[in-house]
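Residue numbers (the numbering used here): 6 to 159.
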């Protein structure tokens with residue numbers, strides 16, 4: 006995938022992350038891009054807004070993309086997310102047959118794409134997407150640091 010498309014998609018994911026702040030959700034955003042570089046799904050954390058423990062940015066974006074495609078199979082697509090996916094979201098990436106996963110900041114406390122676990126590259130699973138890490142990592146991490154600092158009172 007063209008680097009300019011990846012960077013534009015990450016900027017769209019970052020915008021989704023900023024929107025999560027409006028509902029006091031952790032600022033994580035995600036977009037799904039099809040083979041032509043068009044965004045077909047977008048999501049942000051909505052756990053607080055929807056009172057739904059599964060409403061992570063990745064799941065929201067994957068659901069939207071699958072609805073737009075009319076299929077749960079997202080072959081040929083790329084998921085771009087601001088934070089390394091957790092185990093649930095990494096499993097969803099595998100289940101959706103996403104070809105490529107691009108993420109910004111590493112998540113040393115819950116990351117399942119190399120930090121704590123490596124779900125998406127587990128050879129026992131039937132699908133393993135390509136992984137690109139560290140795209141706009143500092144900008145993604147800064148959003149998270151600001152959010153958590155404000156919730157700790159400083």
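Backbone N, C-alpha and C define an ideal beta-carbon position, used for all residues, glycine too. Source: prediction; values computed, not measured.
Straight-line gap, residue 59 to residue 152 (C-alpha atoms, nearest Å): 20 angstroms
Residues bridged to residue 135 [DSSP beta-bridge criterion]: 105
Can you name, in chain order, every residue of its own chain whose Cβ lies under 6 angstroms from the Cβ of residue 138, other than the five neighbours on each side? Cβ-Cβ distances below 6 angstroms link residue 138 to 108 in the same chain, with the five nearest sequence neighbours on each side left out; the list follows chain order.
Across which residues does DSSP place residue 47 in a beta bridge pair? Note: residue 47 sits in a beta bridge opposite 36.
How many whole angstroms separate the CB atoms of residue 53 and residue 29, which I take to be in contact at a CB cut-off of 8 angstroms? Indeed, because the Cβ distance is near 5 angstroms, the residues count as touching under 8 angstroms.
Take the Cβ of residue 156 as the centre, count every other Cβ of all protein chains shown within 10 Å, and call the residue buried at 16 or more, exposed below. exposed
Let me make sure I understand the geometry here. Which of 88, 102 and 37 has the alpha-carbon closest to that of residue 115? 88
Taking only three categories from DSSP, how would you classify residue 83? strand
Which two residues bound the contiguous alpha helix (DSSP H) that contains residue 117? Segment: none, residue 117 is in no alpha helix (DSSP H) and carries neither H nor E.
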